[in-house]
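Written out below as structure tokens is the structure these notes cover.
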Amino acid sequence: MTANPLTLWTGLAMKTGEMMLASAQVINHRTGRIAAAGSSPNSRDRREFALMGREKVAAASESAQAVAARMLNLNQQMGAIAFNHLIAGAAGIMSVATARTIAQSSKAQAEFMRDTMSSSAKAASQLTDSVARIAHHGLKPVHSRATANAKRLAKHKK
Numbered sequence: 018m019t020a021n022p023l024t025l026w027t028g029l030a031m032k033t034g035e036m037m038l039a040s041a042q043v044i045n046h047r048t049g050r051i052a053a054a055g056s057s058p059n060s061r062d063r064r065e066f067a068l069m070g071r072e073k074v075a076a077a078s079e080s081a082q083a084v085a086a087r088m089l090n091l092n093q094q095m096g097a098i099a100f101n102h103l104i105a106g107a108a109g110i111m112s113v114a115t116a117r118t119i120a121q122s123s124k125a126q127a128e129f130m131r132d133t134m135s136s137s138a139k140a141a142s143q144l145t146d147s148v149a150r151i152a153h154h155g156l157k158p159v160h161s162r163a164t165a166n167a168k169r170l171a172k173h174k175k
């Protein structure tokens, strides 16, 4: 079932904004910490700096996996939509071709055009919804780590 596209895309924009704000806070904290540690960071700093690297790799990997899995699904969905359009188009053309009168032909053409336009709009809406959902899933690992780090690091003094 398709959701309101405005809701989907607005939600994505809000999550992206939250992630960007949290990332800025984390970068500010860690940059200050790296500068303060200098060439000989203490054990707490070394743990934090190692965690920083591991988290980036893990978040990027999880994000890529989430997007790849959903892109496979989207590819299958698009294939099914294209096949259904092909079958419906062939049926529409046959109804126009087999009309016995000009009135029947005109009616068949009008129905064919209406059905084609309607199904194309529905397919475009489904595609837009799917892309927004894929983006949500791709953003989720990065967002969750950035916001968790911002909260955790806000408790600690640089």
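First residue of the sequence shown? That's 18 in this note's numbering, and the numbers climb one at a time after it.
From the three backbone atoms N, C-alpha and C, an ideal C-beta is built for every residue, glycine too.
Just so we're clear, the structure is a prediction, and the values are computed from it rather than from any experiment.
Through-space distance from residue j to residue i, alpha-carbon basis
i, j, result
"valine 148", "glycine 106", "26 angstroms"
"alanine 163", "asparagine 45", "12 angstroms"
"leucine 29", "leucine 103", "33 angstroms"
"leucine 91", "asparagine 101", "15 angstroms"
"glutamine 143", "alanine 76", "28 angstroms"
"threonine 133", "valine 113", "14 angstroms"
"leucine 68", "alanine 141", "42 angstroms"
"glycine 55", "threonine 48", "11 angstroms"
"isoleucine 119", "asparagine 21", "41 angstroms"
"alanine 165", "aspartate 146", "28 angstroms"
"arginine 117", "alanine 97", "32 angstroms"
Any chain C beta carbon closer than 8 angstroms to residue i
i, result
"alanine 81", "Checking the listed chains, one finds no chain C in this structure; it contains a single protein chain."
Contact set for residue i: own chain, Cβ-Cβ below 6 angstroms, skip 5 residues either direction
i, result
"arginine 61", "none"
Residue span of the alpha helix (DSSP H) that contains residue i, given as start and end
i, result
"serine 142", "119–171"
"serine 57", "That residue, serine 57, is in no alpha helix (DSSP H); it is neither H nor E in DSSP."
Neighbourhood of residue i by C-beta, 7 angstroms cutoff - its chain only, sequence neighbours within 5 removed
i, result
"isoleucine 151", "Val84, Arg87, Met88, Leu91"
"tryptophan 26", "Ala149"
Own chain partners of residue i with C-beta closer than 8 angstroms, once the 5 adjacent residues on each side are dropped
i, result
"leucine 156", "Leu29, Lys32, Thr33, Met36, Ser80"
"serine 136", "Asn101, His102, Ala105"
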